[in-house]
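Notes follow the structure.
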Amino acid sequence: MKVLSLHRYPVKSLRGIDLPEAPVDERGLVGDREFVITDLEGRFLTQRQLPIMALVRASFHHEHLHLRFEGQEISAHVPDQGDEKIIQVWKDQVRARRVSPQADHFLTQALGTPVQLFRVSQPRPGRDKKTGEAFEIRFPDQAPVLLTTTKSLEALNAAIEHPLPMSRFRPNIVIDGLEAWVEESWGKITIGDMEFAVLKPCSRCKIITIDQLTGQVGSPEALQALKNDVKGHRPTADFGVHLRVLRPGVLRVGDAVQQRPV
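Numbering that gives the first Met the number 0 numbers the first residue of the sequence shown as 0 and each following residue consecutively.
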């Protein structure tokens, strides 16, 4: 087994970046989901509410966030100090700092609704239900890292009329070279010199029905297949697995992946 591709999403629910390598700390890929877009009341927004978010590109270098949409772009300096605001992310409250009025204006124009952009200043807590151990996350929904496999995608695509690309599932790590769905049974894995604990399968939502190149919402057939067809009847449409970082380091495309005893 080996790493086929690596992906970082600087702003939650905006388009991601393909990487040849990525430094990883205890909170996941450095710079992944470091930023979040909210409404004016501080509630986080994703492609669930605004599918057009898929069309906005974001990159983060040297404390500058670069945003691009339909030929327009902006580069905003991200302050490391400033007033904090409490952002509601699911049931959690996260401390974050506003990036800039210019970034807010750019995203408001792009998305067609008043929004604000924030950077996490204090990660929120998570807990490994298998061990009870605590970990920290930035703005991902549930865990520091998301891993998917090519064989599981092939198995899903064989069960639906319109095959999906891996980008629909917004993973951080894509691996190749194992049977479909085996990842759901893992306890721990090593990738290169790094070690991860597998927390649980990733329960999917309508975002996998959104074309990441057009922002158009498509058929729910993949959600239905994940619940009813490819793995038997399940209460949730699972694809990929959540990981937490046990030993940080640098991930690289081509790194060997090995299952480890729990």
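Cβ coordinates follow ideal geometry from the N, Cα and C atoms, glycine included. Nothing here was measured: the structure is a model prediction, and the numbers come from that model.
Those residues which DSSP pairs with residue i across a bridge
| i | result |
| --- | --- |
| R243 | A196 |
| K1 | D175, A255 |
| L145 | H241 |
| F93 | According to the sequence as given, residue 93 is Val; it is not Phe. According to DSSP, which records beta bridges pairwise, V93 is partnered with I86. |
| R118 | F34, R96 |
| F68 | Q71 |
| R7 | I16 |
| V216 | I209 |
| V181 | Answer by DSSP bridge pairing: none, since V181 is not bridged. |
| L250 | A21 |
| S202 | D237 |
Bounding residues of the beta strand (DSSP E) (the contiguous stretch that carries residue i)
| i | result |
| --- | --- |
| H104 | Premise fails: H104 lies in the alpha helix (DSSP H), 100 to 110, not in any beta strand (DSSP E). |
| A53 | Taken as a continuous stretch (DSSP letters only), A53 belongs to no beta strand (DSSP E), as it is neither H nor E. |
| T189 | 187 to 190 |
| G125 | 123 to 126 |
| F134 | 133 to 136 |
| H76 | 71 to 76 |
Residue i, enclosing alpha helix (DSSP H) - first and last residue
| i | result |
| --- | --- |
| K226 | 220 to 227 |
| S151 | 149 to 156 |
Cβ-Cβ distance between residue i and residue j below 8 Å
| i | j | result |
| --- | --- | --- |
| R96 | G111 | no |
| R123 | I136 | yes |
| V256 | K1 | yes |
| I86 | V35 | yes |
| L66 | A57 | yes |
| I159 | Q46 | no |
| F238 | S151 | yes |
| L242 | V197 | yes |
| K199 | V240 | yes |
| T107 | P113 | yes |
| H6 | N171 | yes |
| T235 | S184 | no |
| R167 | Y8 | no |
| P139 | R32 | yes |
| D254 | I188 | no |
| V77 | F68 | no |
Supposed contact pair residue j and residue i - C-beta distance, whole angstroms, cut 8 Å
| i | j | result |
| --- | --- | --- |
| V98 | F117 | 7 Å |
| L39 | Q115 | 7 Å |
| L28 | T149 | 19 Å between Cβ atoms; not a contact. |
| L146 | E182 | 7 Å |
| P22 | R251 | Actually they do not touch by this definition, with Cβ atoms about 10 Å apart. |
| W180 | A154 | 7 Å |
| R26 | P143 | 5 Å |
| G248 | D175 | Contact doesn't hold; Cβ gap of about 20 Å is too wide. |
| A102 | A75 | 4 Å |
| G214 | I16 | The pair is not a contact, with the Cβ atoms about 18 Å apart (cut-off 8 Å). |
| L163 | I207 | 7 Å |
Ignoring anything shorter than 3 residues or poking outside the stretch 16 to 62, list the beta strand (DSSP E) runs there in chain order. Entirely contained in the stretch 16 to 62, the beta strand (DSSP E) runs reaching 3 residues are, in chain order, 16 to 18, 20 to 24, 34 to 37, 56 to 60.
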